[in-house]
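**Student:** Here the working numbering is used: the first residue of the sequence shown is 43, the next is one more, and so on.
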Amino acid sequence: RNNMNYDQGFRTFIEIEGQDYWSQGLGDDTRADWRHEADRYAPRTITRATQWLEKHHPENFFLYIDMWDPHEPWNAPPYYTKLYMKDYDGEIVNPPYSYWQDVENMSEDDIHKAHACYCGEITMVDTWVGQFLRLIENMGLMDNTAIIFTSDHGFYFGEHGGLFGKMMSLKSKKIPSKFRSVHKWIRSPLWEETISCPLIISIPNTDPGVQEGLTSAIDLMPTVLDLMSVEIPPIVEGHSLVPMLKDKDLKGREFVISTQPFSNAKTTIRSVDGQQRESAGSDTTITTNEWSLLYSIEPGQSWLYHLPSDSKQQKNVINEHTTIAQDLHQKLVKFMKETNLSHELLEPRLELRLDSTTELPEPWKNRLEGH
Numbered sequence: 043r044n045n046m047n048y049d050q051g052f053r054t055f056i057e058i059e060g061q062d063y064w065s066q067g068l069g070d071d072t073r074a075d076w077r078h079e080a081d082r083y084a085p086r087t088i089t090r091a092t093q094w095l096e097k098h099h100p101e102n103f104f105l106y107i108d109m110w111d112p113h114e115p116w117n118a119p120p121y122y123t124k125l126y127m128k129d130y131d132g133e134i135v136n137p138p139y140s141y142w143q144d145v146e147n148m149s150e151d152d153i154h155k156a157h158a159c160y161c162g163e164i165t166m167v168d169t170w171v172g173q174f175l176r177l178i179e180n181m182g183l184m185d186n187t188a189i190i191f192t193s194d195h196g197f198y199f200g201e202h203g204g205l206f207g208k209m210m211s212l213k214s215k216k217i218p219s220k221f222r223s224v225h226k227w228i229r230s231p232l233w234e235e236t237i238s239c240p241l242i243i244s245i246p247n248t249d250p251g252v253q254e255g256l257t258s259a260i261d262l263m264p265t266v267l268d269l270m271s272v273e274i275p276p277i278v279e280g281h282s283l284v285p286m287l288k289d290k291d292l293k294g295r296e297f298v299i300s301t302q303p304f305s306n307a308k309t310t311i312r313s314v315d316g317q318q319r320e321s322a323g324s325d326t327t328i329t330t331n332e333w334s335l336l337y338s339i340e341p342g343q344s345w346l347y348h349l350p351s352d353s354k355q356q357k358n359v360i361n362e363h364t365t366i367a368q369d370l371h372q373k374l375v376k377f378m379k380e381t382n383l384s385h386e387l388l389e390p391r392l393e394l395r396l397d398s399t400t401e402l403p404e405p406w407k408n409r410l411e412g413h
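#1: If contacts are defined as beta-carbon pairs under 8 Å, then MET127 and ALA158 qualify, I think. What distance do you get, rounded to the angstrom?
#2: Could you name each continuous alpha helix (DSSP H) segment of 4 residues or more that falls completely within the region 334-406, going from the start of the chain to the end?
#3: What's the C-alpha gap between MET209 and PRO137?
#4: Among SER149, LEU388 and ILE360, which has the Cα closest to the Cα of GLY204?
#5: In whole angstroms, what is the alpha-carbon distance linking TRP116 and GLY162?
#6: Classify VAL272 as helix, strand or coil using the three-state DSSP reduction.
#7: Taking the alpha carbon of ASP131 as the reference point, which residue from MET378, SER338, ARG86 and PRO120 has its own alpha carbon closest?
#8: If you count every other CB in all the chains shown that lies within 10 Å of the CB of GLU114, and 16 or more means buried, which is it?
#9: Do VAL284 and LEU262 count as a contact pair if the criterion is CB distance below 8 Å?
#10: I think PRO303 touches ILE339, with their Cβ atoms under 8 Å apart; what is that distance to the nearest whole Å?
#11: Determine the direct distance from the alpha carbon of GLN50 to that of PHE4, and round the result to whole angstroms.
#12: Compare the beta carbon distance of MET181 and ALA84 with 8 Å and say whether it is the shorter of the two.
#13: Could you tell me if PRO264 is buried or exposed, where buried requires 16 or more neighbouring beta carbons within 10 angstroms of its beta carbon?
#14: Once DSSP output is grouped into helix, strand and coil, what is the label at GLY162?
#15: Which residues in the same chain as ILE56 place their Cβ atom closer than 8 Å to its Cβ, once the five residues preceding and following it in sequence are excluded?
#16: Kindly give me the distance between the Cβ atoms of VAL359 and HIS348, rounded to whole angstroms, as I take these residues to be in contact under 8 Å.
#17: Kindly indicate which residue of SER244, HIS195, PRO250 and ILE243 has the alpha-carbon position closest to the one of TRP233.
#18: Considering only the alpha carbon of each residue, which of VAL272, GLU133, CYS239 and ASN247 lies closest to LEU256?
#19: Between ILE58 and PRO112, which are expected to be in contact by the criterion C-beta below 8 Å, what is the C-beta distance as a whole number of angstroms?
#20: Could you tell me the alpha carbon to alpha carbon distance between SER140 and HIS202, rounded to whole angstroms?
#21: Taking all protein chains shown into account, do 16 or more other C-beta atoms lie within 10 angstroms of the C-beta of THR365, making it buried, or fewer, making it exposed?
#22: Mind reading off the beta-carbon distance from LEU392 to GLY342? Whole number of angstroms is fine, and I expect it under 8 Å.
#23: Please return the same chain residues whose Cβ sits closer than 8 Å to the Cβ of PHE52, not counting the five positions on each side in sequence.
#24: Pull up the distance between the alpha-carbon of LYS220 and that of THR329, whole angstroms please.
#25: Measure the alpha-carbon distance for ILE274 versus ILE134 and round it to whole angstroms.
#26: Going by beta carbon distance, what residues of the same chain come within less than 6 Å of LEU388, once the five residues before and after it are set aside?
#27: Taking all protein chains shown into account, do 16 or more other C-beta atoms lie within 10 angstroms of the C-beta of LEU292, making it buried, or fewer, making it exposed?
#28: Tell me, which residues are paired with LEU419 by DSSP?
#29: Quick check: GLN355 and SER334, are their CB atoms within less than 8 Å of each other?
#30: In this structure, how does DSSP classify GLN253 when only helix, strand and coil are distinguished?
#31: Among ALA188, THR187 and PHE199, which residue has its Cα nearest to the Cα of TRP142?
#32: Check this for me: beta carbons of GLU235 and PHE197, under 8 Å apart or not?
#33: With DSSP run on the structure shown, which of helix, strand or coil describes ARG176?
#34: Should THR192 be labelled buried (16 or more other beta-carbon atoms within 10 Å of its own) or exposed?
#35: As an exercise, report each continuous beta strand (DSSP E) stretch of at least 3 residues that is fully enclosed by the region 79-158, in chain order.
#36: Would you list the one or two residues that DSSP bridges to VAL298?
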């Protein structure tokens with residue numbers, strides 16, 4: 043898909059086409075043949091995975107399923123959305139990747155409607171994942187199969203001053219209601235709503251429970267290798283989570299790094315949808331069990347939050363806790379050096395520039411409390 047080489051390393055690769063029907067300039071609407079719930083992408087994906095498993099379940103196998111949903115547009119059958127908005131009228135509200143207040147004819151009611159559609163889509167996905175898990179159980183595979191469920195990111199539905207999207211794109215002050223920019227990303231801070239993701243792991247002969255420790259997406263690959271008794275190459279930066287699954291007293295990571303692909307301002311990056319976009323520079327968040335530092339190379343634009351007392355990240359306390367912010371930044375610097383980040387990307391990020399007199403730029407000015 044989009045020449046991203048998603049198929050490399052797999053013996054079988056099946057793509058469910060048409061997810062990007064809503065993109066500008068694509069022509070035919072691939073939803074034209076939809077008649078039933080089963081015509082949508084999550085059901086079609088699970089159906090193909092079911093067919094594959096019916097054939098291969100007697101063998102040793104590794105099956106990776108990318109659902110696409112609940113990616114926008116959130117177009118589950120209306121009966122799912124009505125679980126969360128009884129008077130839902132069928133309208134699909136697409137995110138403008140901006141503050142909703144800057145979009146013509148968009149209101150807070152639209153955000154509530156979009157969120158109901160999002161919840162409906164998640165419920166549809168949950169339904170079909172549940173069917174697949176029942177198939178695994180019916181095949182007698184639960185006693186010898188490891189199952190991992192996770193996601194890649196969350197979404198903003200009006201948080202932090204009115205954000206509606208997962209990144210911010212450059213637009214004029216008032217945006218036409220149907221417009222979605224694809225040309226340039228501006229700074230997109232990574233708050234908890236986008237970087238805190240579900241991670242559910244089931245392995246045979248292990249008691250259920252909840253582990254509070256921090257984990258990172260880079261831990262998934264070595265975890266899979268460990269479960270299959272395959273040696274983890276020394277170059278791998280993640281850590282297997284199997285010891286934590288078997289010993290609930292073990293703690294997670296001291297900190298985790300969440301970041302967009304590192305880029306400097308005015309560089310062109312290729313996004314996952316194949317589009318070339320100009321970047322205003324990537325954002326990075328360093329998270330511990332207690333603190334969250336949203337780091338920016340711009341002076342006065344890094345924000346620190348104390349998570350136990352401010353889980354919604356409403357009050358920036360970086361000026362009151364500069365030592366903690368500096369310590370978190372040094373963890374980032376150490377991480378970047380250990381992972382051999384190129385000099386041109388590393389050099390601008392070696393300093394945490396604290397300048398409390400710097401005024402917030404648009405679009406955050408007068409929108410973020412406590413900054």
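Even for Gly, the Cβ is constructed at its ideal location relative to N, Cα and C.
Since the model is a prediction, treat every value here as computed from it, not as a measurement.
**Tutor:** So, to answer that:
#1: 4 Å
#2: 364-380 and 385-388
#3: 10 Å
#4: SER149
#5: 8 Å
#6: coil
#7: PRO120
#8: buried
#9: no
#10: That pair is no contact at about 15 Å.
#11: An answer regarding residue 4 cannot be provided, because it is not within the stretch 43 to 413 covered by the chain.
#12: no
#13: buried
#14: helix
#15: ARG90 and TRP94
#16: 6 Å
#17: HIS195
#18: CYS239
#19: Contact flag wrong, Cβ pair sits at about 15 Å.
#20: 11 Å
#21: exposed
#22: With a Cβ gap of about 17 Å, LEU392 and GLY342 do not count as contacting.
#23: TYR106
#24: For LYS220, the predicted model reports a pLDDT of 49, less than 50, meaning its position is unreliable and no value from the coordinates is stated.
#25: 45 Å
#26: MET378
#27: exposed
#28: Residue 419 is absent from the model: the chain starts at 43 and stops at 413.
#29: yes
#30: coil
#31: PHE199
#32: yes
#33: helix
#34: exposed
#35: none
#36: THR329
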